[in-house]
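Read in the numbering used here, the sequence shown has 174 at position 160, and its numbers run on one by one without any break.
Don't be surprised by glycine CBs; every beta carbon is placed ideally from N, CA and C.
None of these values were measured; they are calculated from a predicted model.
Report on one structure; see the data block that follows.
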Amino acid sequence: MNLLLGVALVLGLMIMIHEWGHFIVARLFGVRVDVFSIGFGPRLFGWKRGATDYRISALPFGGYVRMAGQDLSEVDSNDVAPTGAPDELMSKPRWQRALISFAGPAVNLIFPILLLTGLFVAVGLPYSSFYDLPVQVVALPTGQASPLQVGDKLLSINGVRNPTWEQAQKALKQAAPGDKLKLEVENAGQTRTVEVPLTASTTLDRILGYLPRPPILDEVAPGTPAERAGLKEGDQILAVDGQKIEYWERESHEA
């Protein structure tokens, strides 16, 4: 039900924006608009402002803008209708009628760009605070040779002290194939220095293990003990059996 409601809302918004594109350009060129409708079929409700009847119709899968004189089809070589009031669609030059026709699809293309730009300006790009965590090896790929060990804490990478995951990624991006990453690590009170040669296929997880992922539930399967316990999608796991966890890989390794 929630999915159907979401689809209906998104579809309705797209239709409204599309028809608004036709409407606004038609009004810009002085074309009288008799009806602006979201949906087809019988009129359910709406209001009238000026010459335009704004309405919601019974069948929501569509919409239309009915402009004065748009059904006239006979035009002469001078690009104007031989009869009709000046505020009718077919009384306008062809280039204006073409712009009115293209305005709907154009607005559908422009609106998402403006919306995303506004969101980025207001909210910013998505960013996980887990990339600010100190770098510690919590798990390594199975069968993957690595100079590091589970439990190693990264003290420096190429001279950058106490790097975060984001800084470690930046150091890797700045290096070129054939270079070596100089790592200083600490484990169980012992400090050692490791040099890692880089190739074109080297990635951070090949060196340091899996990147941290926050312990947030992507989904909760129906009928499972998790659902019966009241867990929901989006819940963040703070501790398991009284033991605090910061990311999935650490819990998987310690389990």
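Taking C-beta separations shorter than 8 Å and ignoring five residues to either side along the sequence, the partners of G248 in its chain run I230, L231, following chain order. Among the bridge pairs identified by DSSP, N201 is matched with Q204. Annotation: the continuous alpha helix (DSSP H) that includes R242 extends over 239-242. Distances from the alpha-carbon of P119 to those of A235, I31, L245 put I31 closest. Within the region 48-129, the runs of beta strand (DSSP E) at least 3 residues long that lie entirely inside it are, in chain order, 66-81. Under the three-state reduction of DSSP, K196 is assigned to strand. The region 67-82 makes contact with the region 31-45; the number of CB pairs closer than 8 Å reaches 3 or more.
Buried is the label assigned to R111, since at least 16 other Cβ atoms lie within 10 Å of its Cβ.
Pairing G20 with R175, the inter-Cα distance amounts to about 48 Å. Bounds of the beta strand (DSSP E) holding K167 are 167-171. Non-local C-beta neighbours of V208 in its own chain, meaning closer than 7 Å and more than five positions away in sequence, comprise P161, L162, L197, V199, ordered along the chain.
With respect to the 7 Å criterion, A182 and I171 are classified as neighbours on the basis of their beta carbons. In the structure shown, the three-state DSSP call for A253 is strand. Using a 10 angstroms sphere on the CB of I114, the tally of other CB atoms reaches 16 or more, which defines it as buried. Distance from the Cα of F43 is smallest, within the candidate group W179, L103, P191, for L103.
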